[in-house]
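Each remark here refers to the structure printed beneath this line.
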Amino acid sequence: MPDFTIENKYRDKGIIAGIDEAGRGPLAGPVVAGAVVFPQLKTAPGLAGALDDSKKLSPKKREELYEVLFASDALIGVGMASAAEIDEVNILQATFLAMRRALDNVGAKVDLALVDGNRDPKLYCPALTIVKGDSLSLSIAAASIVAKVTRDRIMAKLALQYPFYGWDRNAAYGTKEHLEALAKYGVTPEHRKSFAPVREAMRNEK
Numbered sequence: 018m019p020d021f022t023i024e025n026k027y028r029d030k031g032i033i034a035g036i037d038e039a040g041r042g043p044l045a046g047p048v049v050a051g052a053v054v055f056p057q058l059k060t061a062p063g064l065a066g067a068l069d070d071s072k073k074l075s076p077k078k079r080e081e082l083y084e085v086l087f088a089s090d091a092l093i094g095v096g097m098a099s100a101a102e103i104d105e106v107n108i109l110q111a112t113f114l115a116m117r118r119a120l121d122n123v124g125a126k127v128d129l130a131l132v133d134g135n136r137d138p139k140l141y142c143p144a145l146t147i148v149k150g151d152s153l154s155l156s157i158a159a160a161s162i163v164a165k166v167t168r169d170r171i172m173a174k175l176a177l178q179y180p181f182y183g184w185d186r187n188a189a190y191g192t193k194e195h196l197e198a199l200a201k202y203g204v205t206p207e208h209r210k211s212f213a214p215v216r217e218a219m220r221n222e223k
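Structure follows, in C-alpha cells:
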C-alpha cells in the first residue's frame, strides 16, 4: 500500500505534490491529470489505508475516495488536454501539458512534484519521477484517483452525446464494442485521429 515514506524523505524541500494521469491509451476523449498536496503530509479520516493505485480499486471505491478527497483539506488540481491537442502535439506531450495544467490548478506554489512514471513532464518546479509511484506514494495514489474519476465522468457525459461507442463502459479504450462502433458509425470529433485504429476507420469512411 502507498504511504508517505517518499514524501517524508523530501519534506525539507517544502510543499510536495503527487501527480498522475488517466487516459493515455483510449481512442477518444481527453487525457486528464490530477495533482494532490496533503498539507503536513497527513490524510483525512477515511483515506489512510484506503488510498491505492486507482487501477486496483473498484469504480465504486474510487468514487467514494474521490468525494472524501475533495471534502478534505487536500489541495487538488485537475488538468486536461483535449483530443485535438493530443493530435496536435502527440499523446506524451499532451500528457505533460495536462500535468502542468493540473499543477497550476492546485492553488499553492509547489516545491517538488512526485510524478508517476519515468518521464519528466517539465513542470515549473523540480520533479521526481517514480515508476509505479501510485503504488508507493499516497500523494500520487490520490492524484491517480482524481484523474481517473474525473476522466470517467467526462466520458460518461460524452457517451450521452455519442451513445453508440459505449464510452460510459469502456472509457473509450479500443474494446471490441468500441471498434465495431467506429466501423459502423464512423469517427466523432472526440476521437484521437492520430491513433492507428481511428486513422484506419477514417480511411474506411472514404
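Counting from 1 along the sequence shown, just add 17 to a position and that's the residue number in our numbering. Beta carbons are placed, not taken as given, at the ideal position from N, Cα and C, and that holds for glycine. All figures in this text were calculated on a predicted structure; none of them were measured in a lab.
For a cut-off of 8 angstroms, the C-beta gap from I23 to V127 is around 15 angstroms, too long to register as a contact. Taken in chain order, the complete alpha helix (DSSP H) segments of 4 residues or longer contained in the segment 130-203 are 155-178, 184-187 and 193-202.
Within the DSSP secondary-structure output, M97 pairs in a beta bridge with V49.
Residue environment for D29: exposed (fewer than 16 other C-beta atoms within 10 angstroms of its C-beta).
When beta bridges are read from the DSSP output, A88 appears opposite no residue. When DSSP states are grouped into helix, strand and coil, V54 belongs to the strand group. If you look at A213, you'll find it isn't in any beta strand (DSSP E); it sits in the alpha helix (DSSP H) that goes A213 to E222.
Between the C-alpha atoms of N135 and E217 there is a straight-line separation of about 30 angstroms.
Separation of L177 and V166 (C-alpha to C-alpha, rounded to the nearest whole angstrom) is 17 angstroms.
The beta carbon of R79 lies closer than 7 angstroms to those of S71, I162, K165 and V166 in the same chain, with the five residues before and after it left out. Collapsing the DSSP output to three states places I32 in coil.
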